[in-house]
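Some notes on the structure that comes next.
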Amino acid sequence: MKKLLPRTAAAAAATLIALTAAAACSSNGSGGSGGSKDAKIAFLMPDIASTRYELYDAPLFKAKMKQLCPGCTVLYQNAGADAAKQQQQASSVLAQGVKAIVIDPVDSAAAATIVRNAQSQGVKVIAYDRPIPTTKADYYVSFDNQKIGALIAQSLVDHLKEKKIKGGILEVNGSPTDAAAGLIKKGIHSAVDTSGIKLLAEYDTPNWDPSKAQDWVSGQISKFGGQIGGVVAANDGTGGGAIAAFKAAGADVPPVTGNDAELAAAQRIIAGDQYNTISKPIKIVAEAAATVTYQFVQGKPPAAQTTLFNTPSQLFTPTVVTQDNIAKVLLGPGGALKPSAVCTQTYAAACAKLGIK
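Okay, structure coming up:
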């Protein structure tokens with residue numbers, strides 16, 4: 160990809176300023192049109208590489224908002240891992256008169272501009288899933304990302320020691336522009352660095368792209384051969400990429416971690432290809448974000464449970480999932496996944512072996 164030339168960058172900035180100005184004129188500085196009963200609310204998600212945003216986050220957020228405010232309208236946009244596109248989407252929804260923006264940023268640093276533009280017009284900004292460290296949003300709703308990193312890594316370390324698996328660890332982190340990925344990375348290091356197991360190499364995966372994770376792991380397989388005892392991957396997509404790299408190399412797949420409890424990851428765990436994932440029921444954060452947003456729209460700022468990056472926050476605790484508890488945590492009553500969707504013909508025998516019906 161070519162770098163943005165200075166003149167091009169200036170032109171893009173001028174366009175953004177013009178769009179923001181148009182938004183300000185449209186809203187007349189009132190932070191959106193209409194009252195709390197018919198408010199417009201933006202829900203801006205970062206990418207489609209992770210299937211969760213289209214399949215779960217957006218529908219669940221919309222459903223909860225519909226319950227809380229039948230007359231409210233949710234304007235959903237997905238940036239497709241393009242930070243500039245997300246900036247444009249934010250300017251567009253501001254021009255349409257939203258009263259609040261719920262945003263999972265593509266680039267946590269770049270999202271600071273969105274926060275400042277929205278707040279200058281009286282529009283509340285709720286950071287969702289990923290924090291915005293450099294500029295204070297009005298609220299942040301997420302699972303505890305540093306805890307996620309610590310949990311998946313410690314689970315892997317304990318497993319390697321229990322099974323006396325030899326070799327070091329590869330670390331596949333998330334996007335370097337995602338502050339949540341930075342927190343997960345910090346959590347991973349808290350477990351790996353004190354484990355006594357050698358960290359062979361680590362990689363920050365651009366845009367959480369599974370294919371880039373696969374390419375990097377392929378190179379490490381060539382470099383380290385049979386010295387790799389396990390892979391701590393920051394989410395299911397990068398974990399899936401790592402697993403694909405070992406299979407493509409004709410090598411045994413070591414224990415590999417994940418995070419997000421995607422359907423494909425659940426199937427890999429059941430089949431024995433992936434060691435763990437993290438259950439962080441999206442329904443919890445999506446509905447919490449909707450509740451917080453509606454409180455802001457009503458002019459009743461919600462109380463903070465904690466503070467992160469100087470931002471009032473609500474952080475939920477996730478659960479590690481392995482073969483030992485997947486039937487109960489993910490596929491049991493009230494679980495995020497349905498056995499009928501997970502236990503397709505390909506995985507039916509493996510499901511039966513684990514007692515999943």
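Residue numbers (the working numbering): 160 to 516.
Glycine included, every Cβ here is placed at the ideal spot set by N, Cα and C.
Computed from a predicted structure; not experimentally measured.
The DSSP-derived three-state label of residue 233 is strand.
Burial state of residue 472 is buried, judged by a 10 Å Cβ sphere holding 16 or more other Cβ atoms. About 6 Å separates the CB atoms of residue 501 and residue 490; that is less than 8 Å, so the two are in contact. DSSP, reduced to helix, strand and coil, places residue 257 outside both helices and strands of the structure shown, so it counts as coil. Between the alpha carbons of residue 244 and residue 205 lies a distance of about 10 Å. Beta-bridge partners assigned by DSSP to residue 418: none are found. The bridge partners DSSP lists for residue 391 are 330. DSSP places residue 309 inside the alpha helix (DSSP H), whose first and last residues are 304–321.
Per DSSP, the unbroken beta strand (DSSP E) holding residue 363 starts and ends at 358–363.
Taking a contact as a CB-CB distance under 8 Å, the pair residue 221 and residue 455 does not count as one, their CB atoms being some 17 Å apart.
For the pair of segments examined, the stretch 362–381 was found to touch the stretch 397–408: the number of CB pairs separated by less than 8 Å reaches three. Assignment of residue 402 by DSSP, reduced to helix, strand and coil, places it in the helix class.
Spanning the alpha carbons of residue 470 and residue 299 requires a straight line of approximately 7 Å. Boundaries of the beta strand (DSSP E) around residue 471: 470–475.
For residue 410, the closest of 387, 393, 423 and 424 by C-alpha to C-alpha distance is 387. If you look at residue 227, you'll find it isn't in any beta strand (DSSP E); it sits in the alpha helix (DSSP H) that goes 217–227. Rounded to the nearest whole angstrom, the CA to CA distance from residue 374 to residue 225 is 43 Å.
In the displayed model, residue 437 falls within a strand according to three-state DSSP.
In this structure, DSSP gives residue 429 a helical state, which the three-state scheme calls helix. Residue pairing for residue 490: DSSP places it in no beta bridge. Contact annotation: residue 402 and residue 415 have beta-carbon atoms nearer than 8 Å. In this structure, the straight-line span from the alpha carbon of residue 272 to that of residue 466 is close to 21 Å. DSSP lists no beta-bridge partner residue for residue 336.
Scanning its chain for C-beta atoms nearer than 8 Å, with the 5 sequence neighbours on each side dropped, one finds around residue 295 the residues 274, 468, 469 and 470, in chain order. With 16 or more other CB atoms across the displayed protein chains lying within 10 angstroms of its CB, residue 346 is buried.
Under the three-pair Cβ rule at 8 Å, the stretch 353–368 counts as touching the stretch 318–337.
With at least 16 other beta carbons inside 10 angstroms of its own, residue 421 counts as buried.
Burial check for residue 356: the Cβ neighbour count within 10 Å reaches 16 or more, so the residue is buried.
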